[in-house]
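Enquirer:
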Amino acid sequence: MNTAIYLDYAATTPVDPRVAERMIECLLPTGEHGNPSSAGHAFGRRARALVEKARAQVAASIGARPENIVWTSGATESDNLAILGVARFHADRGRHIVSSRTEHKAVLDALKQLEREGFEVTYLKPDSQGIVHPQQVSEALRSDTQLVSLMHVNNETGVINDIAAVGQLCRERGVLFHVDAAQSVGKLPVDVQAQCVDLLSVTAHKAYGPKGIGALYVRRQPPVGLRPILHGGGQESGLRSGTLATHQIVGMGAAFELAAAEREADCARLRVLRDRLWQGLAAVGNVELNGHPEQRVSNVLNASFHGVEGESLQFALRELAVSAGSACSSASEEASYVLRALGRSDQLAQSSLRFSLGRFTTDAEIDMAIEAVGREVRRLRQLGNAT
Amino acid sequence: MSFEVSSALDYSATVIEHFERPRNPGHFDPAPGVIAATAGRRDQGVQFHLSAQVAGPVIRAARFEVYGCPHCIAAGSWLSQRLVGATLDELRSWNWREAADALQMPAEKRGRLLILEDAVRALAEAWARLA
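Line by line, the protein sequences are chains U and D. Heads up, the first sequence is in our numbering, so the first residue is 1 and it goes up one at a time. Heads up, the second sequence is in our numbering, so the first residue is 1001 and it goes up one at a time.
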């Protein structure tokens, strides 16, 4: 069966055709295929100019200056560079870090590595709606805390943390603040200056750019202090060695410029569709929304279906490309740790689905999704009626 | 190290067929000649409910209800056909491997068939009490 309806934009987005067009120009013999570090000839200099234009585009979309942007391979590398880089650089200043239980694995596993290296990490528990409150961060800070790492938008629930308030208190307490903003660009305003962020991870492929390229915002005034995790040619001021991937970078720049320009219109349209989807799902009965009903990005809907086993639900709905909390469907060994951190039972975490809408989602697709979910949930509930 | 994300969603054609078109879903209400049994727990992810009409030495018709993964639903459906014509002794000696083979169950799912075997044994006990 062909998967007809894509509702997994929080996992990844297709590349916007306008972005793809810009990227292709950099790959062909007639285009800017030079190595941006080859300053000795025109091919290299033209490629460098495109890289710097993209750097300015990405910087502008998050309220930063171009010199604050370090290219990486994606948000996972950005998170690792920020967390490992800061912790190791400042290890003599303190070995305590504050984060949360519902961070992406790219953050949690980098923190686990630091724990193996002798650091101590406090993992804050979000409330039942998925929010980590600034007051919790404030109470967790110690004299030896050197870093707070908190996501802006949770990838499973879409719940938004108050980054500006956390940034403000970190600034007042002299603690560095890293934000995983992989799910934010194109959905929420991001302004690293106003939000007092020292390091911010972004990726292109969640915002209609290509996979394999991301960036880390690094505050320069005063300098954050960061130890690189990759060593080599000394690109990106020595913070991230490796030949710059011109086509990927150009794609990210174009995607972020579009994301900023079209954010309000995209979000307004998706909010209407997302809310209609929720009304349709809720009509089947015994469905629970996971995460805060309002403090949430406009394109994500995570719901648990009572009385339906998760793997069967996902398989029954294989005409929809959605993400499931079911352990069998993902590479993880357990039901969604995010939903369990919100206090959901294993059973409800297993029977959860994340619907994430995007730029190319249509009204008709939402109607089909509502129809399919209603039909299959009723069928599966009936199959298990007396058990 | 395996580069496969997961094999759990690779269902055999037989599993898909039973999942899409389950045979004999539902249950028989309590009545003379009706036996029923339940095994497993919903909060542990699998529960089977079997019921059957007994006619003399054999089962005349069977129904199943399942809370569980597609393999479990298929196993319940498959068993509901397999039980027709079965005797009490056959029920008592029924082994989960027969369902595993018929449905080409992956190794990591076979534990769930032990719960189905528990349900079949409990059904046999209900039958014995009836007799």
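All residues carry an ideal CB built from backbone N, CA and C; glycine is no exception.
Rank U/D162, U/L188, U/G44 and U/D8 by C-alpha distance to the C-alpha of U/E156 and give the top, closest one.
Expert: Counting from one through the first sequence, the residue named residue 156 of chain U turns up at place 156. Residue U/D8 is the option with its Cα nearest to U/E156.
Enquirer: Suppose only complete runs of 3+ residues qualify. What are the beta strand (DSSP E) ranges in the segment 1008 to 1074 of chain D, listed by chain order?
Expert: As far as the segment 1008 to 1074 of chain D is concerned, its whole beta strand (DSSP E) runs of at least 3 residues are 1034 to 1041, 1046 to 1055 and 1058 to 1067.
Enquirer: Roughly how many whole angstroms lie between the Cα atoms of U/G232 and U/S241?
Expert: If you number the first sequence from 1, residue 232 of chain U lands on position 232. If you number the first sequence from 1, residue 241 of chain U lands on position 241. Going by the C-alpha atoms only, they are around 5 Å apart.
Enquirer: Where does the unbroken beta strand (DSSP E) through U/Y217 begin, and where does it stop?
Expert: For the purposes of this step, residue 217 of chain U is taken as the residue at position 217 of the first sequence. Run containing U/Y217: G214 to V218, per the beta strand (DSSP E) assignment.
Enquirer: Return the chain-ordered list of same chain residues with a C-beta closer than 7 Å to the C-beta of U/N161, the five sequence neighbours on each side being excluded.
Expert: By 1-based counting over the first sequence, the position of residue 161 of chain U is 161. Correct list, in chain order: I131, V132, L150, M151 and H152.
Enquirer: Are the Cβ atoms of D/G1068 and D/V1034 separated by less than 9 Å?
Expert: What you label residue 1068 of chain D is simply residue 68 of the second sequence in a count that begins at 1. What you label residue 1034 of chain D is simply residue 34 of the second sequence in a count that begins at 1. Taking 9 Å as the Cβ cut-off, D/G1068 and D/V1034 do not qualify as a contacting pair.
Enquirer: If we define contact as Cβ-Cβ less than 9 Å, is U/L403 a contact residue for chain D?
Expert: There is simply no residue 403 of chain U to check, as chain U begins at 1 and stops at 387 in what is shown.
Enquirer: Mind reading off the beta-carbon distance from U/R95 to U/G118? Whole number of angstroms is fine, and I expect it under 8 Å.
Expert: Here residue 95 of chain U refers to the residue found at position 95 of the first sequence. Here residue 118 of chain U refers to the residue found at position 118 of the first sequence. Contact holds; Cβ gap of about 6 Å.
Enquirer: State yes or no: is the beta carbon of D/D1134 nearer than 9 Å to at least one beta carbon in chain U?
Expert: An answer regarding residue 1134 of chain D cannot be provided, because it is not within the stretch 1001 to 1131 covered by chain D.
Enquirer: Just to check my reading of the structure: U/S352 and U/S336 have Cβ atoms closer than 8 Å, yes? What is that Cβ distance to the nearest angstrom?
Expert: Reading the first sequence from its first residue, position 352 is the one you call residue 352 of chain U. Reading the first sequence from its first residue, position 336 is the one you call residue 336 of chain U. The Cβ separation is near 6 Å, so the contact holds.
Enquirer: Measure the CB-CB distance between U/S392 and U/L342 and report whether it falls below 9 Å.
Expert: The shown model of chain U, from 1 to 387, leaves out residue 392 of chain U, and the question about it has no answer.
Enquirer: Helix, strand or coil for U/Y9, going by three-state DSSP, please let me know.
Expert: In the first sequence, the residue the question calls residue 9 of chain U occupies position 9. Note: U/Y9 maps to coil in three-state DSSP.
Enquirer: Buried or exposed for U/P293, please, with buried defined as at least 16 other CB atoms from any protein chain shown within 10 angstroms of its CB.
Expert: Counting from 1 along the first sequence, the entry for residue 293 of chain U is found at position 293. Exposed, by the Cβ-count rule.
Enquirer: If we define contact as Cβ-Cβ less than 9 Å, is D/G1111 a contact residue for chain U?
Expert: What you label residue 1111 of chain D is simply residue 111 of the second sequence in a count that begins at 1. No, D/G1111 lies away from the interface with chain U (no Cβ there is under 9 Å from its Cβ).
Enquirer: List the residues of chain D that U/Q347 touches, going by C-beta distances under 9 Å, in chain order.
Expert: Numbered from 1 along the first sequence, position 347 holds the residue referred to as residue 347 of chain U. Those are R1042, D1043, Q1044 and G1045, listed as they occur along chain D.
Enquirer: Taking just the CA atoms, how far does D/P1032 sit from D/S1093?
Expert: Position 93 of the second sequence, counted from the first residue, corresponds to residue 1093 of chain D. Position 32 of the second sequence, counted from the first residue, corresponds to residue 1032 of chain D. Going by the C-alpha atoms only, they are around 25 Å apart.
Enquirer: Name the two residues that bound the continuous alpha helix (DSSP H) containing U/L277.
Expert: Residue numbering aside, residue 277 of chain U sits at position 277 when the first sequence is read from its first letter. Here the alpha helix (DSSP H) through U/L277 covers T246 to A282.
Enquirer: Roughly how many whole angstroms lie between the Cα atoms of U/S38 and U/R22?
Expert: Here residue 38 of chain U corresponds to residue number 38 of the first sequence, with the count starting at 1. Here residue 22 of chain U corresponds to residue number 22 of the first sequence, with the count starting at 1. U/S38 and U/R22: Cα-Cα distance of roughly 21 Å.
Enquirer: Would U/A316 pass as an interface residue toward chain D - the criterion being a Cβ-Cβ separation below 9 Å?
Expert: Within the first sequence, the letter at position 316 stands for residue 316 of chain U. For U/A316, the answer is yes, since a Cβ of chain D falls inside 9 Å of its Cβ.
Enquirer: Use the C-beta contact count for D/G1111: other C-beta atoms within 10 angstroms, 16 or more gives buried, fewer gives exposed.
Expert: If you number the second sequence from 1, residue 1111 of chain D lands on position 111. The residue in question, D/G1111, is exposed, as its Cβ has fewer than 16 Cβ neighbours within 10 Å.
Enquirer: Do the segment 46 to 55 of chain U and the segment 248 to 257 of chain U touch if we need at least three Cβ pairs shorter than 8 Å?
Expert: Yes: the two stretches touch, three or more of their Cβ pairs being nearer than 8 Å.
Enquirer: Run through chain U and tell me which residues come within less than 8 Å of D/P1022, C-beta to C-beta.
Expert: In the second sequence, residue 1022 of chain D corresponds to position 22, counting from 1. Here the neighbours are L383.
Enquirer: DSSP beta-bridge partners for U/A303?
Expert: To locate residue 303 of chain U, count along the first sequence from 1; it is residue 303. Looking at the DSSP assignment, U/A303 forms a beta bridge with U/L289 and U/L353.
Enquirer: Could you name the residues of chain U that D/P1025 contacts, counting a contact when the two beta carbons are closer than 9 Å?
Expert: By 1-based counting over the second sequence, the position of residue 1025 of chain D is 25. Simply Q382, L383 and N385.
Enquirer: Quick one: what does DSSP say D/W1078 is sitting in, helix, strand or coil?
Expert: Within the second sequence, numbered from 1, the residue matching residue 1078 of chain D stands at position 78. In the structure shown, D/W1078 sits in a helix (DSSP, three-state: H, G or I).
Enquirer: Can you tell me the Cα-Cα spacing of U/S330 and U/F43, whole angstroms?
Expert: Residue mapping note: residue 330 of chain U aligns to position 330 of the first sequence, counting from 1. Residue mapping note: residue 43 of chain U aligns to position 43 of the first sequence, counting from 1. Residue placement at U/S330 is flagged as unreliable, the pLDDT there being 47, under the threshold of 50; the coordinate-derived value follows with that caveat. Rounded to the nearest angstrom, the two C-alpha atoms are 44 Å apart.
Enquirer: Do U/V98 and U/L431 count as a contact pair if the criterion is CB distance below 9 Å?
Expert: The structure shown does not extend to residue 431 of chain U, since chain U is modelled only from 1 through 387, so no value can be given for it.
Enquirer: Decide if U/T76 is buried, meaning its Cβ has at least 16 other Cβ atoms within 10 Å, or exposed.
Expert: Taking the first sequence and counting its residues from 1, one reaches residue 76 of chain U at position 76. By the neighbour-count rule (16 or more Cβ atoms within 10 Å), U/T76 is buried.
Enquirer: Assuming U/S312 is part of the alpha helix (DSSP H), what are its boundary residues?
Expert: As a working note, residue 312 of chain U is residue 312 in the first sequence. Start and end: G310 to A316.
Enquirer: So, helix, strand or coil for U/I69, using DSSP?
Expert: Counted from its first residue, the first sequence places residue 69 of chain U at position 69. The answer is strand: DSSP assigns U/I69 an E or B state.
Enquirer: Touching or not, the segment 1015 to 1030 of chain D and the segment 1057 to 1075 of chain D, by the rule of three or more beta carbon pairs under 8 Å?
Expert: Touching, yes.
Enquirer: U/L226 and U/S78: beta carbons closer than 9 Å?
Expert: Reading the first sequence from its first residue, position 226 is the one you call residue 226 of chain U. Reading the first sequence from its first residue, position 78 is the one you call residue 78 of chain U. No, the Cβ-Cβ distance between U/L226 and U/S78 is not below 9 Å.
Enquirer: Answer yes or no: does any C-beta atom of chain U fall closer than 9 Å to that of D/I1073?
Expert: Residue mapping note: residue 1073 of chain D aligns to position 73 of the second sequence, counting from 1. So yes, D/I1073 belongs to the interface.
Enquirer: Using a C-beta cutoff of 9 Å, does D/P1070 count as contacting chain U?
Expert: Your numbering for residue 1070 of chain D matches position 70 in the second sequence. Chain U, which has a Cβ nearer than 9 Å to the Cβ of D/P1070, makes this yes.
Enquirer: Looking at U/A255 and U/Y208, is the spacing between their C-beta atoms short of 9 Å?
Expert: On the first sequence, residue 208 of chain U is found 208 positions in, with the first residue counted as 1. On the first sequence, residue 255 of chain U is found 255 positions in, with the first residue counted as 1. Yes.
Enquirer: Using a Cβ-Cβ cut-off of 7 Å (strictly less than) and excluding sequence neighbours within five positions of U/A82, which residues of its own chain qualify?
Expert: Position 82 of the first sequence, counted from the first residue, corresponds to residue 82 of chain U. Around U/A82: H178, L199, S201 and L216.
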